[in-house]
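Participant: Supplied in structure tokens, the structure appears directly below.
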Amino acid sequence: MNILVAYYPLGEASKIAKRFEEVFKTRNIGVDLYPICVEEKDIKKQFKTEKQLILENPIDSIKKYDLIIIGTPIISFTAVPAVNVFIRNLPTTKDKKFCLFATGIGLPGKAIKKMSSLLSMKSAKIIDTHVFSSIFEFDARKLKEVDAFFAKFEKQI
Ligand SMILES: Cc1cc2nc3c(=O)[nH]c(=O)nc-3n(C[C@H](O)[C@H](O)[C@H](O)COP(=O)(O)O)c2cc1C
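If you want my numbering, it's the 1-based position in the sequence shown plus 451.
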């Protein structure tokens with residue numbers, strides 16, 4: 452089995468992605484981490500220029516993956532624009548399985564809904580979603596939530 456973990460590398464989203472990598476490696480599941488990058492690093496500016504954002508590292512094919520996990524930090528109650536651009540640019544997602552996560556301080560807003568609706572427009576199959584929230588830095592105990600999230604959706608892969 453092969454899983455891609457694509458995430459916007461800001462704040463706690465990177466920690467969650469790395470925890471997924473650890474969990475999958477101990478289970479002998481193939482895993483690739485993919486930090487989503489656009490030239491515009493200023494997120495406030497990303498919101499103003501979403502239509503013009505260009506991925507620095509676009510993905511040619513997602514064929515080899517049985518599951519794609521996409522994660523975003525929550526900014527202003529929604530997903531980071533670069534993550535939306537990544538989703539819009541994904542090649543052929545029809546019937547591909549996805550899990551979504553968002554990280555923040557506890558005000559999820561429409562972050563998951565935004566990503567879900569973009570993926571639904573591409574006929575992708577969303578099997579589970581989770582919001583990781585804390586006003587503190589995510590510690591080892593918090594990261595155990597990743598294990599529990601995986602346990603919840605692994606039978607559907
Ligand atoms: C401008 C800005 C807006 C944010 N908006 C939200 C929000 O709407 N909901 C939420 O749960 N967290 C929000 N956060 C918190 C971030 O998602 C993140 O958890 C926090 O910035 C910690 O990451 P850091 O350690 O890199 O700063 C916001 C942070 C910033 C800087």
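Built from N, CA and C at the ideal position, the CB exists for glycine as well.
1) Return the first residue and the last residue of the beta strand (DSSP E) that D493 is part of.
2) When you measure from the CB of F583 to every non-hydrogen atom of ligand 1, does any distance come out below 6 angstroms?
3) Counting pairs of beta carbons, one from the region 534-541 and one from the region 556-566, are three or more of them closer than 8 angstroms?
4) Quick one, which of S512, I608, D546, G481 has its alpha-carbon nearest K573's?
5) With distances taken between CB atoms, is the gap from V482 to I454 smaller than 7 angstroms?
6) Cutting at 6 angstroms between CB atoms, please list the residues of its own chain near R470, excluding the five before and the five after it.
7) State whether the region 546-558 contacts the region 484-494, with contact taken as three or more CB pairs (one from each stretch) at a distance under 8 angstroms.
8) Mind checking K514: buried by the 16 CB within 10 Å criterion, or exposed?
9) Are the CB atoms of C550 and I525 within a distance shorter than 7 angstroms?
10) So for S584, helix, strand or coil by DSSP?
11) Which residue's Cα is closest to the Cα of E588: K466, Y459, E605?
Facilitator: For this structure:
1) Element bounds for D493: n/a, residue is neither H nor E.
2) no
3) yes
4) D546
5) yes
6) L594, V597
7) no
8) exposed
9) no
10) strand
11) K466
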